[in-house]
Amino acid sequence: MPDLPSAFLPLLLLSKFVTPVTFRHHRYDDLVRTLYKVHNQCPDITRLYNIGRSVKGRYLYVLEFSDFPGIHEPLEPEVKYVGNMHGNEVLGRELLLQLSEFLCEEFRNRNQRILRLIQDTRIHILPSMNPDGYEVAAAQGPNTSGYLVGRNNANGVDLNRNFPDLNTYFYYNSKYGGPNHHLPLPDNWKSQVEPETRAVIQWIRSLNFVLSANMHGGAVVANYPYDKSLEHRFRGPHRTSNSPTPDDELFQTLAKVYSYAHGWMHQGWNCGDYFPDGITNGASWYSLSKGMQDFNYLHTNCFEITIELSCDKFPRQEELQREWLGNREALIQFLEQVHQGIKGMVLDENANNLTGAVISVTGINHDVTSGEYGDYFRLLLPGTYSVTAKAPGYDPKTVTVTVGPAGPTVVDFQLKRSSSQVYPGQRAPGRGQGGRAKQPRTSRKKDPATKRHRGPA
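Those letters in the sequence shown? Residues -23 to -1, 1 to 434, by mature numbering (1 follows the signal peptide of the UniProt record, and there is no 0).
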C-alpha cells in the first residue's frame, strides 16, 4: 500500500462499506427529496421533522438518527449539526446531506462503529438553516464575483448576528456577580429575531443538546467561543482580543479533534491564513456579536463550535468528493466527543427525577442543569474534579470524580430535602420538540468499556 497522510489513516476504519455516490449540489426540492430518501431507506433509525419556516415559507428540516427516533432516552446525549446558516456558504449543507446518506448506509451494512454511535447517541442534522439565501446564491452559482450574494436571509439579515446578545450580561455578571449559565432572554426576544433564528432558538430550548457544530465557509479552521470579545463595545469589532470561556481547554480540544481528523485543516496554512493547529478562538480572529455559538453556551447546556470548511464559499461540483473525503472522519469523530466527561441522574429521596438541578464543577465557572427527565451531561477532559449537584429545596451534594479518556463516568446524585430553599429554580432543558422520553432499558447491553458507574452519590 502506498504511503498515506496520517490524517487519512482513520478513514480506513470507515472505507470498507462505502458505496459509490453522486456528488452534486442540491437545490431546496432536491434537499427535501434526499432527506426523505434517507428516511425511507432507514425508517427504523431516522425521523424527519421541521422546526419552523424561513421568511419565504421553506421548511427547516431536521433529520434525526437514533435507535429510538423521536424518543429521549435518559443518559443518551443529544448532539446536532447545523449547516448553511449563511446561504452562500454551501459546503456544510452538502456534507451534512452526504453524512446522512453515509450513516444510513453504514448502519444497513452493520458497520460496528456506526451501529454503536447510533445506539448510544441521538443525532440531529439541520442541513440548511437559511434555504432562502441558498436559493439566491445557487441561482448565480459558483462562477461569479458576488462574494456575499445569498449570505443573508430573505429580509437581508445575517443570521449569525441575530441571536440575543448574552455575552454582555455574562461579562457583567462575571464582574459584579450573577448566574454563569442559562442566562435569561429578553421578554421581547421573539420580536427581535428573524423567523429562522426564532425556530433554531425554540429548537435548542426544547432539546437538551450537549454538543454541536455550525458549518460555515470562506476559511478552513475550527473556531471556538467566545466569538465576542470583552472589548468589542469599546474597541470595535475589527480589533482582535482572545476571549476564552471558562471551558477554554475543553473547547480547544474539541476544535483540535475536528482539525486533526480533517484531511488538511490541522496544517494551519489555508486560504492565505495561518491558524496554529487549524483552530482559533473566535474573538481572537475577529469579534462577532450576537452569534450562535456563544448563544448556545450561555443560554443552554450545549457546547458549540463553528467549522469553517472551505476557502470557496460555493465550491464547484467536481470538488465535492474531495471535500467529503477530507471531512468524513472529522464529522464522525466530532459526534463521538459527546461521550466524554460525566453524566448521570439527579434524584430525590424517593427516586423521583429532579429537573433543573444545577451541576457545578469546582474551578470551572460554568454550570449545566439536569434535563426534563432528570439526566445531566457535563463534558470534561480527563482528570479529577469536585462536582456538586444542587436543587431548590434540597441539600447540595458534592463528590470527587475521576474522568478517564475511555468514555463518560456515570455519577448519579440523590438529594435530600432541606429545611430551607436557597437556590433559585432553573428552567429544565429539553421540553417540547424532542417527543416523549424512554426509560432506560435493562435488557440492552452497553459496551462496558465506554461506561464507568459510581452509583448514587
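We put the beta carbon where it would ideally sit given N, CA and C, even for glycine.
Inter-residue Cα distance where the pair is residue i and residue j
{"i": "E313", "j": "I95", "result": "10 angstroms"}
{"i": "D344", "j": "T365", "result": "10 angstroms"}
{"i": "P104", "j": "D7", "result": "12 angstroms"}
{"i": "T277", "j": "A334", "result": "13 angstroms"}
{"i": "G29", "j": "T361", "result": "42 angstroms"}
{"i": "S43", "j": "R93", "result": "10 angstroms"}
{"i": "N165", "j": "N61", "result": "27 angstroms"}
{"i": "W241", "j": "P161", "result": "39 angstroms"}
{"i": "I100", "j": "H49", "result": "11 angstroms"}
{"i": "N27", "j": "S396", "result": "45 angstroms"}
{"i": "C279", "j": "Q18", "result": "30 angstroms"}
{"i": "L308", "j": "N327", "result": "41 angstroms"}
{"i": "H243", "j": "A368", "result": "42 angstroms"}
{"i": "T332", "j": "G348", "result": "5 angstroms"}
{"i": "A196", "j": "D250", "result": "8 angstroms"}
{"i": "G268", "j": "L73", "result": "21 angstroms"}
{"i": "E66", "j": "W301", "result": "15 angstroms"}
{"i": "P202", "j": "N132", "result": "27 angstroms"}
{"i": "N88", "j": "Y153", "result": "52 angstroms"}
{"i": "L40", "j": "M106", "result": "13 angstroms"}
{"i": "F(-7)", "j": "T145", "result": "Caution applies to F(-7), whose pLDDT of 42 falls short of 50 and renders its modelled position unreliable; the value that the coordinates give is listed next. Cα to Cα, F(-7) sits roughly 49 angstroms from T145."}
{"i": "P51", "j": "Y58", "result": "21 angstroms"}
{"i": "I102", "j": "Q75", "result": "11 angstroms"}
{"i": "C81", "j": "Y371", "result": "45 angstroms"}
{"i": "L358", "j": "P382", "result": "8 angstroms"}
{"i": "V378", "j": "N157", "result": "22 angstroms"}
{"i": "D389", "j": "N185", "result": "18 angstroms"}
{"i": "K205", "j": "S220", "result": "7 angstroms"}
{"i": "T23", "j": "G127", "result": "30 angstroms"}
{"i": "G47", "j": "R85", "result": "20 angstroms"}
{"i": "L(-10)", "j": "V187", "result": "No answer about L(-10) holds up, because its pLDDT of 48 lies below 50 and its placement is not dependable."}
{"i": "E112", "j": "E295", "result": "20 angstroms"}
{"i": "N130", "j": "R293", "result": "22 angstroms"}
{"i": "R305", "j": "N342", "result": "34 angstroms"}
{"i": "K393", "j": "N329", "result": "12 angstroms"}
Beta carbon proximity, residue i to chain B, threshold 8 angstroms
{"i": "F228", "result": "The structure shown contains no chain B; it is built from a single protein chain."}
For residue i: DSSP bridge partner residues
{"i": "K320", "result": "F354 and V387"}
{"i": "R394", "result": "Y371"}
{"i": "L286", "result": "V197"}
{"i": "A190", "result": "Y58 and I282"}
{"i": "G29", "result": "Partner(s): none; G29 has no beta bridge."}
{"i": "V376", "result": "V364"}
{"i": "N247", "result": "D250"}
{"i": "S337", "result": "T365"}
Option in the options with minimal Cα separation from residue i
{"i": "V387", "options": "G318, S363, G370 and F280", "result": "G318"}
{"i": "A232", "options": "G110, I256 and V323", "result": "I256"}
{"i": "S168", "options": "S183, W180, Y153 and P141", "result": "P141"}
{"i": "V198", "options": "K152, N219, Y148 and D254", "result": "D254"}
{"i": "S77", "options": "P54, N139 and V9", "result": "V9"}
{"i": "E71", "options": "R1, L52, L25 and D372", "result": "R1"}
{"i": "H239", "options": "G303, D271, Q179 and P221", "result": "G303"}
{"i": "V338", "options": "N219, L356, N330 and M322", "result": "L356"}
{"i": "N191", "options": "F272, V380 and Q391", "result": "F272"}
{"i": "G64", "options": "E226, Q391 and V134", "result": "V134"}
{"i": "residue 436", "options": "V32, S183, Y274 and V234", "result": "Since the first residue of the chain shown is -23 and the last is 434, residue 436 is not available in this structure."}
{"i": "L143", "options": "L125, N137, Y263 and P163", "result": "P163"}
{"i": "R182", "options": "S266, A114 and T346", "result": "T346"}
{"i": "N247", "options": "D224, D225 and C288", "result": "C288"}
Whether residue i touches residue j by CB criterion (8 angstroms)
{"i": "K320", "j": "D352", "result": "yes"}
{"i": "G194", "j": "L286", "result": "yes"}
{"i": "G245", "j": "T283", "result": "no"}
{"i": "L207", "j": "S189", "result": "no"}
{"i": "L12", "j": "F147", "result": "no"}
{"i": "V234", "j": "F354", "result": "no"}
{"i": "L324", "j": "Q391", "result": "yes"}
{"i": "A114", "j": "R4", "result": "no"}
Every unbroken alpha helix (DSSP H) inside the region 75 to 146 [4 residues or more]: 89 to 97 and 108 to 117
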